[in-house]
Structure formats: C-alpha cells, structure tokens
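Under this note's numbering, the first residue of the sequence shown carries the number 153, and numbering increases by one thereafter.
Quick reminder that beta carbons are idealized off the backbone N, C-alpha and C, glycines included.
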Amino acid sequence: LVSIDHTEKMPMGVSPRQALDAWYEYCWRGGGGGATLSPPPILFQNGRQRWILPALLEEEILSLEYDESCHVIYRVNNPNLLTYPVHYHQSKVQFVQENANTPTKLLWNVQV
C-alpha cells in the first residue's frame, strides 16, 4: 500500500467538531472538492454510502467519530479501471486541535 498525507489549518475559532460537520456537508454530502460539473452524490444508508456520478464510484463511511480527534474513515467499494484505477482505497479525515489557542488541523490520509 501507498500512503498519502495532506494537512491544512482551519481558521482560528473553528473547533474539530465544527470542521468535521462542515467537511461532511460540503465534501461528503455535497460533493465539494470534486469535478465542478458533476451533480451532487446520490446518498444511501442514512448518508453513509454514496454514488458519485458520472464515474459510478461507490464510497462508504466506515466510521464517523466525534471524540477528542473528530474523524471519518471511508473507502471506495468498487475500485476498478473504469471507476477508480486502484485495487484498494481507504481514507481517514481527521480534525485535531492541540489546545484552544491553536487552529484546528485537517489531517487527510489516503491509502491506495
């Protein structure tokens, strides 16, 4: 497996919980960050599974936790040459804050 990490700082005053809520609404439910001309994902299983069109990519949330390190773990259920050209794809999106005087950080780890 190959692991890819990406880190971003959130604006001051944004808590890990607020950041995870915003990521879930914008990225997961709304499809934000993807192709600009794509329609929003089709959601199933109370928002835990989604189909991304037109690629027919199926993704599923495996874990969504609101604890001291708010995070979500999701995977691509149908990777193949036509949808996503890898044999495995799982990601962890985590929001952490060292203390109240530091910004919340987004830590996005992708394993392919």
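Beta strand (DSSP E) runs contained entirely in the stretch 158 to 208, provided each spans 3 or more residues: If only uninterrupted beta strand (DSSP E) runs of at least 3 residues are considered, those enclosed by the stretch 158 to 208 are 194 to 196, 201 to 204.
Any 3 or more C-beta pairs closer than 8 angstroms across the stretch 227 to 238 and the stretch 252 to 262: Two segments are said to touch when three or more pairs of C-beta atoms, one from each, lie closer than 8 angstroms; by this definition the stretch 227 to 238 does not touch the stretch 252 to 262.
Cα-Cα separation between Gln201 and Val224, rounded to whole angstroms: Between Gln201 and Val224, the C-alpha separation is close to 13 angstroms.
Cβ neighbour criterion (16 or more within 10 Å) applied to Glu211: Buried is the call here.
Cβ-based neighbour list, Val264, same chain, cut-off 6 angstroms, excluding 5 preceding and 5 following: The beta carbon of Val264 lies closer than 6 angstroms to those of Val154, Val238, His241 in the same chain, with the five residues before and after it left out.
Residue from Tyr218, Met164, Gly186 with nearest C-alpha to Ile204: Proximity to Ile204 across Tyr218, Met164, Gly186 peaks at Gly186, based on C-alpha coordinates.
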